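Have a look at the structure below before the remarks.
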Amino acid sequence: MAQTERGKPGVRFQELIRRKRDGGRLSAEDISAFIEGVKSGSLQEVQIGAMLMAIWQKGMVAEETLALTKEMKVSGHVFQWPEEWAGLVVDKHSTGGVGDKVSLPLAPALAACGCKVPMISGRGLAHTGGTLDKLESIPGFNVHQPVDQVKQILQDVGCCIVGQTEDLVPADRVLYARRDATATVDSVPLITASILSKKGAEGLRALLLDVKFGRAALYKDLDSARTLTQSLVTVGNRLEIRTGAVLSRMDAPIGRCVGNALEVYEALECLKGRGPDDLKDLVVVLGGYLLWMSDQSPSPESGQRMITEVLTNGEALRKFQAMLEAQGVSAHVAHSLCSEKTDYFKHLRRADHQTELQASDDGTVLDIDGMVIATVLHGLGAGRTKVGEQINHSVGAELLADLGQQIRKGRPWIRIHHDCPELSPEQHRDLQRSLVLGRRESYQASVRVADFIPPPERQLTSRLL
Ligand code: IUR
20 MAQTERGKPG VRFQELIRRK RDGGRLSAED ISAFIEGVKS GSLQEVQIGA MLMAIWQKGM
80 VAEETLALTK EMKVSGHVFQ WPEEWAGLVV DKHSTGGVGD KVSLPLAPAL AACGCKVPMI
140 SGRGLAHTGG TLDKLESIPG FNVHQPVDQV KQILQDVGCC IVGQTEDLVP ADRVLYARRD
200 ATATVDSVPL ITASILSKKG AEGLRALLLD VKFGRAALYK DLDSARTLTQ SLVTVGNRLE
260 IRTGAVLSRM DAPIGRCVGN ALEVYEALEC LKGRGPDDLK DLVVVLGGYL LWMSDQSPSP
320 ESGQRMITEV LTNGEALRKF QAMLEAQGVS AHVAHSLCSE KTDYFKHLRR ADHQTELQAS
380 DDGTVLDIDG MVIATVLHGL GAGRTKVGEQ INHSVGAELL ADLGQQIRKG RPWIRIHHDC
440 PELSPEQHRD LQRSLVLGRR ESYQASVRVA DFIPPPERQL TSRLL
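Okay, so the sequence shown: first residue is 20 according to our numbering, each after it adds one.
Shown next as structure tokens:
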């Protein structure tokens, strides 16, 4: 048989692309050849693009998605943990939201409950913020930790939040950048393989996925979010990670703060047992499920009680402080940020200007459009349009009114933090449009977590929702 581009007989990339293009199935060997070609650079750029588009158009069955995920996972380093941690290594992953700072209090809260949490997070792209960007608004915080250091921090502290290292799932780095360039980001098998290859490389016992749906999420409606969730849960469990998922609403921002430094402030308030209820509720609910999924609590409800306890008694806060120090923050800054009473903005940079907007009418706050707020903040420098762009950590928004609250005309409802001298008339107009006021009777409080899909290995004996 003729030699192919891979230097091995048997596989011609054009044939694989054609097969997928025509709606056929790729075998595990085909997928292995594709990922090997991606990794080694023997595939041409146009071939990678063509295959991504074929997958986007024709989809993949679960077997193919599983094979793709496995191949991507082993394209780089796969963590191995000490035997005695076998049941303790857990993580959660969110598909991205506005004001979603849940990982910041959740990782140390889980560590305070005895878990090991090697959280490998991403940066923000488009309108959603990234956990790494938030943490980098803390002076000294270093998201780049070599593999040995990750192990040491897990040993000493129990949690770390780090970026993808050079040798972790390199195939995903190549494919993700090409997906962005070829309009193939929103493909269920490609998203599934991208997320789970990285989580698989973390060597987890249990993984909770927080799949967002709504105006400010990748998937706008519950049904399309369910399709992704089903794929993630199926493939995750076939990778032998106990994988469960919540479907949570992403219309209004989570908590009252949006923007990197402001979200760190709000996460610290949560770790001090304060801060907005919706943030605390999400941390408690997600943490409760994870403790139950990893057999560390007999039920999600008792897991919730454990998380509430460590948020209230300061143990989660102490873990966060230790994590900050282990990841490069000076003992002085870490201690100061984690003190009961502190001036956060002695350490977190505050933007040069703050502008408050007033309610244009009397009424009940029926809705706050997180997508509009995120888009305005993005324009002010809080987010990036391209991978690698600089962002302004101090740009953000503080909501001064809660959903369901009565507000009087002329009262401030949002404070925007910005470095440019003033907001444009369009930014004013868009922000005012994001506040929906109406009659009290029209207000319907909506629960954020709309559903929970447990891992098949664990049966729920009681429903929380
Ligand atoms: N996060 C990932 O890690 N991969 C993806 O494809 C998406 C979000 I969309």
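Here a beta-carbon is modelled for each residue, glycine too, at the ideal position from N, C-alpha and C.
Please read all numbers here as calculations on a predicted model, not as lab measurements.
Assigned exposure category for residue i - 16 Cβ within 10 Å defines buried
| i | result |
| --- | --- |
| Arg458 | exposed |
| Lys27 | A caution first: Lys27 carries a pLDDT of 49, below 50, which makes its placement in the model too unreliable to give a value. |
| Leu484 | Bear in mind that the predicted position of Leu484 carries a pLDDT of just 46, short of 50, making it unreliable; the figure below should be weighed with that in mind. It is exposed - the Cβ of Leu484 has fewer than 16 other Cβ atoms within 10 Å. |
| Asn279 | buried |
| His366 | buried |
| Gln174 | exposed |
| Lys198 | A small fix is needed here, since residue 198 is Arg in this sequence, not Lys. It counts as buried. |
| Gln183 | buried |
| Phe364 | exposed |
| His146 | buried |
| Thr480 | Low per-residue confidence applies at Thr480: pLDDT is 49, beneath 50, and the placement is therefore not dependable, though the value from the model is reported in the following sentence. When all chains shown are included, Thr480 counts as exposed. |
| Thr248 | buried |
| Val230 | buried |
| Asn3 | Within the shown structure, residues of the chain are numbered from 20 to 484, placing residue 3 beyond reach of any answer. |
| Val406 | exposed |
| Arg448 | exposed |
| Gly43 | exposed |
| Ser461 | exposed |
| His163 | exposed |
| Gly60 | exposed |
| Ala21 | Its pLDDT being 39, under 50, Ala21 is placed unreliably by the model, and the measurement read from it follows with that caveat. Answer is exposed; the Cβ neighbour count stays below 16. |
| Asp49 | buried |
| Thr331 | exposed |
| Arg482 | At Arg482, the pLDDT of 46 sits below 50, so the modelled position is not reliable and the matter cannot be decided from this model. |
| Pro474 | buried |
| Thr404 | exposed |
Any non-hydrogen atom of the ligand IUR closer than 7 Å to residue i Cβ
| i | result |
| --- | --- |
| Leu223 | no |
| Val238 | At residue 238 the sequence reads Tyr, which differs from the Val that was named. No - the ligand IUR has no heavy atom lying nearer than 7 Å to the Cβ of Tyr238. |
| Thr150 | no |
| Tyr195 | yes |
| Leu287 | no |
| Gly133 | no |
| Ser213 | yes |
| Gly95 | no |
| Gly141 | yes |
| Thr114 | yes |
| Lys231 | no |
| Leu209 | yes |
| Lys217 | yes |
| Val204 | yes |
Beta-bridge partners of residue i, as assigned by DSSP
| i | result |
| --- | --- |
| Arg261 | Ala225 |
| Val181 | Ile139 |
| Glu375 | Arg434 |
| Tyr238 | Phe232 |
| Phe471 | Val265 |
| Val283 | Its beta-bridge partners do not exist; DSSP assigns none. |
| Cys276 | Glu417 |
Proximity test, Cβ basis, 8 Å: residue i and chain D
| i | result |
| --- | --- |
| Gln451 | The displayed structure is made up of one protein chain only, and chain D is not part of it. |
Q. Curious, which full-length alpha helix (DSSP H) runs of at least 4 residues does the segment 290 to 353 contain?
A. 296 to 312, 319 to 331, 334 to 345
Q) Between the segment 132 to 142 and the segment 265 to 279, do three or more beta carbon pairs fall short of 8 Å? A) no
Q. Just checking, does the segment 106 to 126 make contact with the segment 310 to 319 on the three C-beta pairs under 8 Å criterion?
A. yes
Q) Can at least three beta-carbon pairs, one atom from the segment 378 to 391 and one from the segment 336 to 351, be found at a separation below 8 Å? A) no
Q: Evaluate contact between the segment 74 to 83 and the segment 272 to 286, counting only Cβ atoms and requiring at least three cross-stretch pairs below 8 Å.
A: no
Q.
Quick check: the segment 208 to 220 against the segment 79 to 98, are at least 3 beta-carbon pairs closer than 8 Å?
A. yes
Q. Which ranges does the alpha helix (DSSP H) cover as unbroken runs of at least 4 residues, wholly within the segment 388 to 459, from first to last along the chain?
A. 389 to 398, 444 to 453
Q: Enumerate, from N- to C-terminal direction, the unbroken alpha helix (DSSP H) stretches of 4 or more residues contained entirely within the segment 49 to 81.
A: 64 to 77
**Q.** the segment 112 to 121 touching the segment 226 to 245, judged by at least three CB pairs closer than 8 Å
**A.** yes
Q: Evaluate the contact criterion for the segment 453 to 471 versus the segment 296 to 311: three or more CB pairs, one atom per stretch, below 8 Å.
A: yes
Q) Taking three-plus beta-carbon pairs below 8 Å as touching, is the segment 125 to 134 in contact with the segment 327 to 342? A) yes
Q. At what residue ranges does the segment 100 to 139 contain a whole run of the beta strand (DSSP E), taking only runs of 3 or more?
A. 109 to 113, 136 to 139
Q. In chain order, which continuous runs of the beta strand (DSSP E) of length 3 or greater are located wholly inside the segment 157 to 215?
A. 178 to 181
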